[in-house]
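Some notes on the structure that comes next.
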């Protein structure tokens, strides 16, 4: 029944069913992402206990969030670095590099990165729902669901990975978000480092989540002849999901901007 549904919407073909090793590789990458999160979660707690005096003073709930943000940061660094490599350095999506259309190009590395990210979003979303709303509200749940949904469609269809990787690169802003929380949790909200991080977060968000999304939309419009060849569900998802994420990014950008202005004003008046 599941296979009939996947055939009907064009997500899989008979050639993909005949290649179980490819499906196994995808599942392995997802489980690798889940295991990565579990290991980094434990490692973050261990290292923090030994190296950060403030960690021991945190409540249990704060320690859970501290460790959660540890694997969030680790995934962000991996996903952003891998996306940057695949998009700009690998040559995978260069014009004329292959006869295959850019919208249909994949590689073992790109699929493994997508699988790891699915594993991460599954792990993080599970913790968010288990501790709801301590680790994030409904907007974070929606963000994670849309991200997993888009990555899943791209992974099993082999289409649109160029755009999924662009979106994954936006994870480059996550370490700044997490560092801001760490500084606040350890009572360093009035430090210069908090201010510098806030400015870096603002600039990073502007580049990675605002300007990059404008470029993504422009790229889709200029390559719309390729975008139309994506299977129906994927095609409409490419039109809807980036738009929804853009609205969320603009909302968060406005909050980041207001927070930065407020912090800079306080710092100015304190001197």
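Residue numbers (the UniProt record's numbering): 1 to 271.
By construction, the Cβ of each residue, glycine as well, lies at the ideal position given by its N, Cα and C atoms.
By the neighbour-count definition (other C-beta atoms within 10 Å, threshold 16), residue 150 is a buried residue. Here residue 46 is not near residue 169, since their CB atoms are 9 Å or more apart.
Here the segment 112–130 makes contact with the segment 73–85; the two share three or more CB pairs at distances below 8 Å. Beta-carbon to beta-carbon, residue 202 and residue 260 are separated by about 5 Å, close enough to satisfy the 8 Å threshold. For residue 225, the enclosing alpha helix (DSSP H) begins and ends at 224–227.
A distance below 8 Å between beta-carbons, with the five flanking residues on each side excluded, links residue 250 to the following residues of its chain, in chain order: 210. By the Cβ criterion, the segment 185–200 is in contact with the segment 47–67, since at least three pairs of Cβ atoms, one from each stretch, lie closer than 8 Å. Between residue 178 and residue 69, the C-beta gap is smaller than 9 Å, which places the two residues in contact. Nearest Cα to residue 107 within the set 144, 227, 165 and 59: 165.
If you keep only unbroken alpha helix (DSSP H) runs of at least 4 residues inside the segment 150–189, you get 161–169 and 174–185. The straight-line gap separating the alpha-carbon atoms of residue 136 and residue 208 is approximately 21 Å. Looking only at 93, 97, 190 and 221, the smallest Cα-Cα distance to residue 238 is reached by 221. The C-beta separation of residue 34 from residue 122 comes to about 6 Å, placing the pair in contact by the 8 Å criterion. Out of 173, 30 and 229, the CA that lies nearest to the CA of residue 119 is found in 30.
Distance from the CA of residue 173 to the CA of residue 204, rounded to the nearest whole angstrom, comes to 6 Å. Note on geometry: alpha-carbon atoms of residue 266 and residue 231 lie some 52 Å from one another.
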